[in-house]
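Going letter by letter, the sequence shown gives residues 976 to 1313 in this note's numbering.
Every residue, glycine too, gets a C-beta built ideally from N, C-alpha and C.
See structure below.
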Amino acid sequence: MHFMQLSIPQYVGRPVLAPHRATRSAFANVKASTSGKSDRSSPTSILTSDLASDTSVDPAPDPAQLVADRTPPAASEFSIPVSHPLVFVANLAIYSMISIDVFSPDSLHLLQPFDEAVHQSALSNLSPGFWQQVFGNVFSNWWTMAGSVGWIFTTATALSRYNPLAWQACALGWSLWIFGVGPIEHDPLLMEVLKGSFSRPRPSPLRCTPSFPSGHTAAVVLVIGALLFVLLPVVYGSRPGGGGGGGGRNGAAAEAAGGDGNGGAGSHPVLEFIYSVQGSWGLWALSAVTTAVGRLGVDAHWLSDTLAGGALSAALVSGLANATERLACDDAGRRSGR
C-alpha cells in the first residue's frame, strides 16, 4: 500500500507519451486500409491528428537539397582576372589605334618619332658579336621556349587525370597557338594574314619579310599569359588554403572539374613554384618587355610592331580566359542538374 501511495502521484497528470515513429506509421497504414474517409469527430481521427501535430516528427527532406549537399564545389567559381571583358576590349582598341596611327594617311603618326628613335639607337649600338647573340637569341626566344615547355608539361599533366575542364582549356590554347600567334619559326595563319595585309617593311634591309605586327612579341604574350592565367590554374588549382596568384576559388573549381584542387602534395617544390607564378602580372609583363627589347635590339622590328603584337595577343589571352570561365559555368550547370 505504501508502494502504491508513492507511485500513483508520479503518473498523475503526466501526458501520454507519443508512440514510436514506426508504430505510428503502422497505425496510419491500418487506418488508411480500413477506412476511405476520415471522421474528425472519432477518437481515431483525434489521435491521428495529435500524432500528425507532434513536433518531434522530422519533416521529409527535400530531394533537391540532398543533391545540392552532395554536389562538389561549383566550377562556376573559377575566376581568372584577365578574363574581364574590359581587358579584351581595351587590348583590341590599342591594337586598332596603333594600326590606324601607322597605316592611315590621315592619322597624326604619333608613334613614328618613337619608331625612328629606337631604330637609330639599334643601328648605333648593334654589333655582329656578343650583343647580336644576346638580343637575337636569348632575349627574343628564351621566354617563348620556356613557356612552350610549360605548356607541354601542363598539358601532359591534364591528360593524366580526369579533368574535362582542363582538357577543353588546353585544346583551346593549343588551337590559338597553332592557328593564331604561337610558333616563332614560321608565322601561323593569323599572323601570316595580318602581315600580308599590312606588308610593312622591316627597319633592317637585311630582313625581307613583313614587319607588322611582331610575331615574336605576340607569341610570348600568348604563351606566357595563357600559361600563367589559364592553364596552370585550371590544371593544378591554387595553393592549398586559398593562396597563390590564381585566386583562392580556383582550387575548388579544379577539384569540381575532376582535377586536384590541392595540387596533390602541397609541399612539393615544383607545385610551390607553380602556385607562386600563377596569375603573375609582373612575370607576364617582364616576358613581353624582354622579348620586345630583343626584337628591337637586333633591328628586326619597329617599336609599334611590338606594341601591336603584344596588344593583339593580350586580347587573345583574355578571350581564352573568358571561354574557360564559360566552360566552367557549363560544367557547374551539368553537375547541379540545371
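Please state whether DSSP places ILE1127 in a helix, a strand or coil. Residue mapping note: residue 1127 aligns to position 152 of the sequence shown, counting from 1. In this structure, ILE1127 counts as helix in the three-state DSSP scheme.
Whether GLY1254 touches PHE1204 by CB criterion (7 Å): Locating residue 1254 in the sequence shown gives position 279, where the first residue counts as 1. Locating residue 1204 in the sequence shown gives position 229, where the first residue counts as 1. Yes. Within cutoff.
Look up ALA1090 in the DSSP assignment and say whether it is helix, strand or coil. Position 115 of the sequence shown, counting from 1, holds the residue named residue 1090. Residue 1090 is actually Asp in this sequence, not Ala. Looking at ASP1090 - three-state DSSP - the assignment turns out to be helix.
Any alpha helix (DSSP H) of 4 or more consecutive residues that is wholly inside the region 1112-1178: 1115-1134, 1139-1151 and 1164-1173
In chain order, what residues of the same chain lie with their CB nearer than 8 Å to the CB of GLY1200, ignoring the 5 residues before and after it? On the sequence shown, residue 1200 is found 225 positions in, with the first residue counted as 1. Excluding sequence neighbours, GLY1200 sits near VAL1057, TRP1259, SER1288, ALA1289 and VAL1292.
ALA1303, buried or exposed, once every other Cβ within 10 Å from all chains shown has been counted against 16: On the sequence shown, position 328 is the one that residue 1303 refers to. That one is buried.
On a Cα-Cα basis, can you pick out the residue from THR1281, ASP1280 and VAL1210 that is closest to ILE1249? Your numbering for residue 1249 matches position 274 in the sequence shown. Ranking the options by Cα distance to ILE1249, first place goes to VAL1210.
Classify TRP1277 as helix, strand or coil using the three-state DSSP reduction. In the sequence shown, residue 1277 corresponds to position 302, counting from 1. TRP1277: coil per DSSP, three-state reduction.
If you run the structure through DSSP and keep just helix, strand and coil, what is SER1255? Along the sequence shown, one-based indexing puts residue 1255 at 280. Residue state, collapsed to three classes: coil.
By Cβ distance, which residues of its chain are closer than 7 Å to ILE1069, with the 5 residues on each side in sequence left out? Here residue 1069 refers to the residue found at position 94 of the sequence shown. The answer, listed in chain order, is ALA1286.
Is the region 1112-1122 touching the region 1092-1100, taking contact as three or more C-beta pairs under 8 Å? no
Assign MET1166 to buried or exposed, taking buried as 16 or more other Cβ atoms, counted over all protein chains shown, within 10 Å of its Cβ. Against the sequence shown, residue 1166 aligns to sequence position 191. By the neighbour-count rule (16 or more Cβ atoms within 10 Å), MET1166 is buried.
Return the residue from the list ALA1194, ASN1138 and THR1130 that minimises the CA-CA distance to HIS1161. As a first step, residue 1161 must be located in the sequence shown, where it is residue number 186. Minimum Cα distance to HIS1161 is reached at ALA1194.
Simplified DSSP assignment, three categories, for GLY1212: One-based indexing of the sequence shown puts residue 1212 at position 237. GLY1212: coil per DSSP, three-state reduction.
Cβ-based neighbour list, SER1024, same chain, cut-off 7 Å, excluding 5 preceding and 5 following: By 1-based counting over the sequence shown, the position of residue 1024 is 49. Note that SER1024 scores 49 on pLDDT, short of 50, meaning its location in the model is unreliable; the coordinates nonetheless yield the value given after this. Closer than 7 Å at the Cβ level, and outside the excluded window around SER1024, lies no residue.
Considering just the uninterrupted stretch of the alpha helix (DSSP H) at THR1192, what are its terminal residues? Along the sequence shown, read from residue 1 onward, the residue named residue 1192 stands at position 217. Residues 1190-1201.
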